[in-house]
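The C-terminal residue of the sequence shown carries number 259 in UniProt numbering, and the numbering is unbroken.
All residues carry an ideal CB built from backbone N, CA and C; glycine is no exception.
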Amino acid sequence: MLKPAGYYPVQIPNLLSKAFRQSVDYQEEVIEPLSEFVICVWQMLPRIAEARHLENIIIADGCIDLVVAFDQQQIGFSGTRETDFHFPIFSNERFLGLRMKPGAFNQLFQLPAELGMDRFLPIETVDPAFDSDKFFSLPFFAAKDYLIHYWTQLLERKKADTFTHLFDNLNEQLPMTATDLYNQLEMKERSCQRMFQEKYALSPKKVLSILRFQKALQGLMQVDEASTLDYYYDQSHFIQDFKRNIGITPRELIQHYRQ
């Protein structure tokens, strides 16, 4: 799949875990009518009949997803701010979701991003019009089409605001420091921190760290690994930044999956 310009976070297990790829068919699709607010629609389906318990490392990417645990008949919003080193995945279960742009949850529902982070927020809490009973009465792929159609109508004529576009813009021209970010946004430090908490439930420094981490991983997919590692990891301030905000460096993440 040709990935669009802008911020497009790498999904770690599918990229780095052989056991995950052997057991789970993970796919992403960019849906143009949703693309103002939704990075991609993703799905996870079993490759094998045997149920396998997989543990993976999930890295904060700033996104709040609309997650569907299809077999459990649960649908709701969820994002993560902290690295989960033991995230359980059961290979025989079916999932799908909408990976929303950072800031989209806040803009669309006029609720603080905090409500969708580090928890599971049922969709009815923020969108009572969604018919979960009808949705889960459908077969998997019909339910996926239903969800895409519903969100196409929901987003019709809506335009992403400055903060929903911000990760895309920062990804293209990433400030070196938080001070550079404040200057770029023409905001004072405290105002920027308050705004980022409202929009993303993240500090400006953590946002920059997330963007750097994603750039490192995407670089590993596109160019010679050694040159990418040299660029990012031979600089101690980057290593300290990753350790403080992510809990692991890209080098350590890669080594973990190679063990």
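Residue i, DSSP secondary structure in three states
i: residue 145; result: helix
i: residue 207; result: helix
i: residue 119; result: coil
i: residue 180; result: helix
i: residue 241; result: helix
i: residue 10; result: coil
i: residue 338; result: Not covered by the structure: residue 338. The range shown for the chain is 1 to 259.
i: residue 127; result: coil
i: residue 25; result: strand
i: residue 187; result: coil
i: residue 15; result: helix
i: residue 216; result: helix
i: residue 173; result: coil
i: residue 161; result: coil
i: residue 249; result: coil
i: residue 37; result: coil
i: residue 137; result: coil
i: residue 198; result: helix
Same chain, Cβ closer than 7 Å to residue i, neighbours up to 5 away in sequence not counted
i: residue 108; result: 37
i: residue 40; result: 28, 29, 30, 99
i: residue 14; result: 20, 21, 26
i: residue 200; result: 62, 102, 103, 113, 207
i: residue 53; result: 88, 90
i: residue 81; result: 60, 117, 118, 201, 202
From the options, residue whose alpha carbon lies closest to that of residue i
i: residue 62; options: 91, 114, 141, 152; result: 114
i: residue 45; options: 59, 60, 70, 87; result: 70
i: residue 132; options: 67, 176, 191, 180; result: 67
i: residue 75; options: 83, 92, 96, 84; result: 96
i: residue 64; options: 143, 128, 164; result: 164
i: residue 84; options: 57, 244, 6; result: 57
i: residue 42; options: 148, 53, 123, 170; result: 148
i: residue 214; options: 130, 60, 141; result: 60
i: residue 5; options: 167, 250, 186, 176; result: 167
Supposed close pair residue i, residue j - CB separation, criterion 8 Å
i: residue 120; j: residue 78; result: 5 Å
i: residue 257; j: residue 16; result: 4 Å
i: residue 218; j: residue 10; result: 6 Å
i: residue 171; j: residue 205; result: Not really, about 16 Å apart at Cβ, beyond 8 Å.
i: residue 92; j: residue 198; result: Residue 92 to residue 198, Cβ: 39 Å. No contact.
Contacting residues, own chain, Cβ-Cβ under 6 Å from residue i (five flanking each side not counted)
i: residue 241; result: 209
i: residue 33; result: 152
i: residue 252; result: none
Any chain B beta carbon closer than 9 Å to residue i
i: residue 240; result: The chain inventory of the structure shown lacks chain B, comprising one protein chain alone.
Sequence-distant residues of its chain with Cβ nearer than 8 Å to residue i (five each side left out)
i: residue 159; result: 36
I'd like the ranges of any beta strand (DSSP E) spanning at least 3 consecutive residues and lying wholly in the segment 39-115.
53-58, 64-69, 74-79, 84-90, 95-100
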